[in-house]
Amino acid sequence: MADAARDVLITGIGMVSCLGEGSAAHWQGLMDARPVIDANRFAPYVVHPLAPIDFDKQIPKKGDQRQMEAWQRIGTYAAGLALEHAAVKGNAELLARTDLIVAAGGGERDCSVDSTILTGFRSAKNRGAFLNERLMSDLRPTLFLAQLSNLLAGNISIVHGVTGSSRTFMGEEAAGVDAVRIAAARIQARQSDIALVGGAYNAERVDLVLLYETGGFALKTPFAPVFERGERGGGMALGSLGAFLVLEARDHADRRGARALGRLSHIFCERTRRRPGDVTAVLDQMWHRLGSSLVPERLGVVSGATGAEPATSEESAFLRRHAGLPVEATGTVIGHGLEGQFPMNLAVAILALHHGRLCAPMQRSEGNAGPNDKLAQIVVTAVGHWRGEGMALVEADH
Amino acid sequence: MAATRDKAGRPIVVVTGMGLVTSLGVGKTDNWAKLTSGQSGIKTLSRFPIEGLKTTMAGTVDFLPVQPFCSTELEERLAVLAIEEAVSQSGIGTPGTFPGPLFLAVAPVETEWPHREALAAASGANERVDYPDLLRSAATGRFNAIHHRCTFGSVADQLSERFGTQGSPISLSTACASGATAIQLGVEAIRRGETDAALCAGTDASVNPEALVRFSLLSALSTQNEPPEAAAKPFAKNRDGFVMAEGAGALVLESLEAARARGADILGVIEGCGEMADSFHRTRSSPDGKPIIGAMRHALADGGRDAGEIDYINPHGTGTPENDKMEYLGVAAVFGERAKTIPISSNKSMIGHTLSAAGAIEAIFTFLTLEHQRIPPTINYLVPDPAIPLDVVPNAARDATVRCALSNSFGFGGQNVALMLSREPA
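Sequence order for the protein chains is A and B.
Using our numbering, you'd call the opening residue of the first sequence number 1 and step up by one each time.
Using our numbering, you'd call the opening residue of the second sequence number 1001 and step up by one each time.
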């Protein structure tokens, strides 16, 4: 990165998940390394439910909360935390030129309406007419606004006043990486000074468990850590979570006296065809591109492994080549939040840089990992359950 | 040879290939002929039963049968046709390899009714059908195709595979501004010097019962079903909503320098992109029009031109009472007295509102306007609205000198994007 004035700093993070909200709750929860799971609600499928959150704290108007579904409330809340952390919240002048990139899914459904319609099809004389009649009378008009992917961004604009620009990327895990990648590239190139970027996921939706189970990706009990699921075919336990970051050009942060929590020095996102070996190979290539930036004795890895196979085994093969490094896989504790997972793991990397260590590195079968202290560099991986491979390097900015 | 950088020192971004599909047909030639002769692609729905619906017409693309119907499947097919035309015209890359990234505006993907019905049928449930029944079917492993089709990245993934675009393909949504956002992202990537070329496309085939009902329940759609071709009435006093429609548009963007180096024909220039988000309401514009005004002014400033240099506006022009009033307010603020005389014509009067694809399709129509020096009309303009005193090029196309144009796109969620387009590099 040639222009140091345009280094991409992270000046705020906001996190919510099954561990609660904010940096302290996440640090403690990851240290405890006790997965918070619900294996009953959608049994035999396992999800990581959102911790109780007082949404009023970041979304003061009840009317706004009512206009959102859970994934939007989670994201809008996390976005508020990040803005607050970066001391941007409430600064109208700054918010009006803050760029927003959200990685989002959407499509939240009214499952009882779905069931009523599917049941009614059995006796309907004219299925099409029956479908029209039921949809016209049973769908809540405002549900549409929870289904549109860009309406998390829309709600963030409304609730927090972020209006510089607003873009929403879709496309599962890769969308989370690309959102950060493009926001960072714009900052380096002086197309943007400050950006709010992140994603959110509501795992407590049976329609989403269904979608991933059609592909054979949903974890069934018994629960196991993400890298220990392969023998039983793997699987991901969806996790409700939201994570946002404030990215900022160094010169811009300096001018307003914002502190750097870390520096995003490299970020890559690729798409392989997922032939056997592709994931390992592309992770190797991205690692190689980090090359001379890496200082092995100060380096840790936060893995975004989903637990889905064969992607997780391929990431494992990549990690085995770097056996001396401490590795933490957050998916075991907080679950997998698709578009939101990579922003969440960048936030976890920021926590690790702050403490100089990973919370709870895995026991590695291939031998003892190196020392988990004085860490100043964190590599964050993102291997999508089906498509998309990403990697970033976040460094302490001293 | 003229400079290859703009006034701000950035690479000039040009278009070297364009392709489109709408309810009027496949390809630029056919579409342009029909558009400039004032033909409508709106017709009474035949894809599914219309009993019980308040709106019974749309601009569907019916000449590419998809059975059982799946919006995402049709979106992919529309995009393939549009991209094939664009890449072929551009002559860029080699078969199966495009030397740049893909930015795809696509409707948010979801599991559709035929998918749920298939899972329900396989479940063996013989009374009430519930999600656990569907999960039982899913667990058989026989429905992998639903996952692969219904993930949000699926269309871009397939297109990336087919056309060999570079890097991670971006699927994006800014609601009804998505197509313009795809172009904007491509422009930014080229200006950053990351790439010499980008493939920017928008595709939408959302006309299925549930999507239609959703818009209907928000009272966004015209209900003047007969005759269907008269339903879309942008800027007219009797306008009563937009008409859902399908289509795809694709543009090959290149740096002027790269396009010249390979001797490519230059079809137009993307001089400026402007954006401003609205924090007022989820579906309505700020009453002062500030974000719409801001988007247009930012596009002008980005391209280094005054409003006085704009010869034509391709508006968002949906035909909803709210949009057209607010867009007039914005145009009046940006263009002052000229707002009454500058031609502004809505393609949506003929092709309907192609939603996620609209920004891309209408940018292409704007480039065709620049190429042919002929402005397509706003049809169905029979009752002028005295509150919107604009020259909407009513009902018949018109020859005109058009050197530089604005194309506006607005969307739910406070999305506002404007593109400033011209024929030739300055």
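Ideal Cβ placement from N, Cα and C applies to all residues, glycine included.
Computed from a predicted structure; not experimentally measured.
C-alpha distance - residue i paired with residue j, whole-angstrom precision
{"i": "Phe1367/B", "j": "Gly215/A", "result": "42 Å"}
{"i": "Val282/A", "j": "Pro1099/B", "result": "19 Å"}
{"i": "Ala1086/B", "j": "His160/A", "result": "40 Å"}
{"i": "Met1/A", "j": "Ser265/A", "result": "Confidence at Met1/A is low in this model, with a pLDDT of 45, below 50, so the placement of that residue should be treated as unreliable; the coordinate-derived value is given next. Cα to Cα, Met1/A sits roughly 8 Å from Ser265/A."}
{"i": "Val162/A", "j": "Asp1030/B", "result": "42 Å"}
{"i": "Val206/A", "j": "Ser1219/B", "result": "29 Å"}
{"i": "Phe169/A", "j": "Pro1394/B", "result": "37 Å"}
{"i": "Gly1430/B", "j": "Val1187/B", "result": "For residue 1430/B there is no data in the structure shown, the boundaries of chain B being 1001 and 1426."}
{"i": "Leu294/A", "j": "Gly356/A", "result": "16 Å"}
{"i": "Leu1329/B", "j": "Gly1289/B", "result": "7 Å"}
{"i": "Leu1221/B", "j": "Val1243/B", "result": "6 Å"}
{"i": "Glu1051/B", "j": "Ala1058/B", "result": "15 Å"}
{"i": "Trp71/A", "j": "Ile378/A", "result": "28 Å"}
{"i": "Asp3/A", "j": "Leu145/A", "result": "41 Å"}
{"i": "Val36/A", "j": "Thr306/A", "result": "16 Å"}
{"i": "Thr1004/B", "j": "Ala1264/B", "result": "14 Å"}
{"i": "Ser1040/B", "j": "Thr1283/B", "result": "27 Å"}
{"i": "Ser313/A", "j": "His322/A", "result": "15 Å"}
8 Å Cβ cutoff met for residue i and residue j
{"i": "Arg1239/B", "j": "Gly1319/B", "result": "yes"}
{"i": "Leu1020/B", "j": "Ser1206/B", "result": "no"}
{"i": "Leu1406/B", "j": "Glu1271/B", "result": "no"}
{"i": "Pro1068/B", "j": "Pro1114/B", "result": "yes"}
{"i": "Ala1248/B", "j": "Thr1203/B", "result": "yes"}
{"i": "Gly384/A", "j": "Ala200/A", "result": "no"}
{"i": "Phe1103/B", "j": "Ala1259/B", "result": "no"}
{"i": "Leu135/A", "j": "Glu1210/B", "result": "yes"}
{"i": "Ala329/A", "j": "Ser303/A", "result": "yes"}
{"i": "Ala1180/B", "j": "Ala1301/B", "result": "no"}
{"i": "Ala78/A", "j": "Ala243/A", "result": "yes"}
{"i": "Ala174/A", "j": "Val197/A", "result": "no"}
{"i": "Arg66/A", "j": "Ser1160/B", "result": "no"}
{"i": "Glu1110/B", "j": "Asn1208/B", "result": "no"}
{"i": "Glu346/A", "j": "Gly300/A", "result": "The identity of residue 346/A in the sequence shown is Leu, whereas the question assumes Glu. Not in contact: Leu346/A and Gly300/A (Cβ atoms no closer than 8 Å)."}
{"i": "Ile13/A", "j": "Leu211/A", "result": "no"}
Bounding residues of the beta strand (DSSP E) (the contiguous stretch that carries residue i)
{"i": "Ile10/A", "result": "Val8 to Ser17"}
{"i": "Cys359/A", "result": "Segment: none, Cys359/A is in no beta strand (DSSP E) and carries neither H nor E."}
{"i": "Tyr1381/B", "result": "No beta strand (DSSP E) holds Tyr1381/B; DSSP gives it neither H nor E."}
{"i": "Val394/A", "result": "Glu389 to Glu395"}
{"i": "Arg263/A", "result": "Gly262 to Glu270"}
{"i": "Ala200/A", "result": "Ile194 to Tyr201"}
{"i": "Asp99/A", "result": "Asp99 to Ala103"}
{"i": "Arg41/A", "result": "Asp38 to Phe42"}
{"i": "Asn1347/B", "result": "That residue, Asn1347/B, is in no beta strand (DSSP E); it is neither H nor E in DSSP."}
For residue i, the first and last residue of its enclosing alpha helix (DSSP H)
{"i": "Thr1427/B", "result": "Residue 1427/B falls outside the range modelled here, since chain B spans only 1001 to 1426, and no answer is possible."}
{"i": "Thr1072/B", "result": "Ser1071 to Ser1090"}
{"i": "Cys111/A", "result": "Cys111 to Phe121"}
{"i": "Gly242/A", "result": "It is not in any alpha helix (DSSP H) - Gly242/A instead sits in the beta strand (DSSP E) that spans Leu241 to Ala249."}
{"i": "Ala1105/B", "result": "First-last for Ala1105/B: Leu1102 to Val1106, but that is the beta strand (DSSP E), not the alpha helix (DSSP H)."}
Cβ-heavy atom distance, residue i to the ligand FAD, below 7 Å
{"i": "Ala352/A", "result": "The ligand content of the structure shown is nil, which means the ligand FAD is not present either."}
Just checking, does the segment 1248-1256 of chain B make contact with the segment 1010-1024 of chain B on the three C-beta pairs under 8 Å criterion? yes
Taking a Cβ distance cut-off of 9 Å, strictly less, list which residues of the segment 208-224 of chain A are near chain B, in chain order. Val209, Leu210, Leu211, Tyr212, Glu213, Thr214, Gly215, Gly216, Phe217, Ala218 and Lys220
Taking contact to mean at least 3 C-beta pairs separated by less than 8 Å, is the segment 1408-1416 of chain B in contact with the segment 1275-1284 of chain B? The segment 1408-1416 of chain B and the segment 1275-1284 of chain B touch, with no fewer than 3 CB-CB distances between them shorter than 8 Å.
Identify each residue in the segment 1117-1143 of chain B for which the Cβ-Cβ distance to at least one residue of chain A is less than 7 Å, and report them in chain order. Glu1117, Ala1120, Arg1128, Val1129, Asp1130, Tyr1131, Leu1134, Leu1135, Ala1138, Ala1139, Gly1141 and Phe1143
Using a Cβ-Cβ cut-off of less than 7 Å, list which residues of the segment 276-288 of chain A approach chain B; keep chain order. When CB distances to chain B are screened at a threshold of 7 Å, not a single residue of the segment 276-288 of chain A falls below it.
Can you list, in chain order, the residues of the segment 1200-1224 of chain B whose Cβ is nearer than 8 Å to any Cβ on chain A? Pro1209, Glu1210, Val1213, Arg1214, Phe1215, Ser1216, Leu1217 and Leu1218
Count the CB pairs spanning the segment 94-112 of chain A and the segment 264-280 of chain A that are closer than 8 Å, and state whether there are at least three. The segment 94-112 of chain A, when compared against the segment 264-280 of chain A, does not touch it at the 8 Å Cβ threshold.
Quick check: the segment 234-246 of chain A against the segment 331-346 of chain A, are at least 3 beta-carbon pairs closer than 8 Å? Contact holds: three or more Cβ-Cβ distances are below 8 Å.
Does the count of Cβ pairs from the segment 237-253 of chain A and the segment 1123-1137 of chain B closer than 8 Å reach three? no
Taking a cut of 8 Å between CB atoms, which residues from the segment 1151-1164 of chain B lie near chain A? Answer set for the segment 1151-1164 of chain B: Thr1151, Phe1152, Gly1153, Ala1156, Asp1157, Ser1160 and Glu1161.
For the segment 12-31 of chain A against the segment 50-57 of chain A, are there 3 or more C-beta pairs whose distance is under 8 Å? yes
Give me the subset of the segment 1032-1053 of chain B whose CB atoms are less than 8 Å from a CB atom of chain A, sorted by chain position. Phe1048, Pro1049, Ile1050, Glu1051, Gly1052 and Leu1053
Residues of the segment 1250-1270 of chain B with a CB closer than 8 Å to any CB of chain A: list them in chain order, please. none
Pull out every residue of the segment 67-80 of chain A whose Cβ sits closer than 7 Å to any Cβ of chain B, in chain order. Gln67
What residues in the segment 144-159 of chain A have a beta carbon less than 8 Å from any beta carbon of chain B? Cβ proximity to chain B below 8 Å picks out Phe144, Leu145, Gln147, Leu148, Ser149, Asn150, Leu151, Ala153, Gly154, Asn155, Ser157 and Ile158 from the segment 144-159 of chain A.
What are the residues in the segment 113-132 of chain A lying within 7 Å of chain B by C-beta distance? Asp114, Ser115, Leu118, Thr119, Phe121, Asn126, Gly128, Ala129, Leu131 and Asn132
Mind listing which residues of the segment 1403-1420 of chain B have their C-beta closer than 8 Å to chain A's C-betas, in chain order? Gly1411, Phe1412, Gly1413, Gly1414 and Gln1415
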